[in-house]
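Note sheet for the following structure.
Residue numbers (the numbering used here): 13 to 346.
Here is the structure:
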């Protein structure tokens, strides 16, 4: 039998947990390795990037050696990267408008409300996504720690930022359900109409559309409780960027070129002071780095700093965190 973690950090945590079974072994030599998870890229890539990669790498691009995919992504010019990113964002907004209108109608809202949500969201705006199971260790309300500050960010009249939230809690998880209620109350604030939405009935179709269309994927677990996490991997081929706690896969993937990190790479338990520090970092990353990078444009209207992050994230990480690499590693290591 073989035991392995599903990320480098998970392997380290597993060795620590199993140390009592190996009392005379140095922890680093306990026989628990790791193979970091990956995602099945063909299931998650959007139509626009799929067309680009098929043109350059063919239909078997995620099945054979991955170097051609990396080279093709690294060679994409700024204008083509920005064009496909805009197309996939617009497709997400179109999908969400229909879904939100149906959600309102099924909830018994007025016809005026249905028409309003059918025009919500901006296809050209910086779009943040947060969608997952609502469990306390994932800290889904870290972004809500200062609701007034978040509301100011989302209601800026000059640099539009919009937030899409979705997810479910286990039926018996009362704490998780309360976290959802807090988000529902927040998105109903009048000044956030059209800027912040909670999409109900989270399912595979919604997950697929979100990872294809968002510009930034936010993840805030309490380190080291996220064994790997895969939702952030699904945005990679789609040009989405990650803003995440240094936990799970992101602890080994992050560099300043490919996205943004929160946390200090250490474990702090359920420390309210550290949660407050993480929330402050989260807000500052958005206010001082992410929003400016998205809205600073060259004469062609292209945010070159943003596109550079996109290219690095796509080329460096999408092949590396695919099931292709994962399965090859399992067969080679075990």
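Where is the CB? At the ideal position from N, CA and C, for every residue including glycine.
Query	Result
8 Å contact criterion, which residue 144 and residue 188 should meet: CB distance rounded	Residue 144 to residue 188, Cβ: 11 Å. No contact.
Neighbourhood of residue 60 by C-beta distance below 7 Å, restricted to the same chain and skipping five residues each side	96, 99 and 100
For residue 223, the first and last residue of its enclosing alpha helix (DSSP H)	216-225
Integer-rounded CB distance, given that residue 20 should sit under 8 Å from residue 263	7 Å
Beta carbon of residue 222 nearer than 9 Å to that of residue 138	no
Distance CB(residue 334)-CB(residue 50) smaller than 9 Å	yes
Below-9 Å beta-carbon distance, residue 68 vs any chain B residue	The chain inventory of the structure shown lacks chain B, comprising one protein chain alone.
4-residue-minimum alpha helix (DSSP H) runs that sit fully inside the region 73-109, ordered along the chain	79-87
Residues that DSSP places opposite residue 273 in a beta bridge	256
Separation of residue 151 from residue 186, as counted between CA atoms	14 Å
Candidates 153, 244, 303 and 91: closest to residue 194 by CA position	153
Close beta carbons around residue 235, own chain, < 7 Å, minus the five adjacent residues each side	257, 258, 259, 275 and 279
Contained beta strand (DSSP E) runs [length at least 3] in the region 113-158, N- to C-terminal order	138-143
Three CB pairs or more closer than 8 Å across the region 191-208 and the region 154-164	yes
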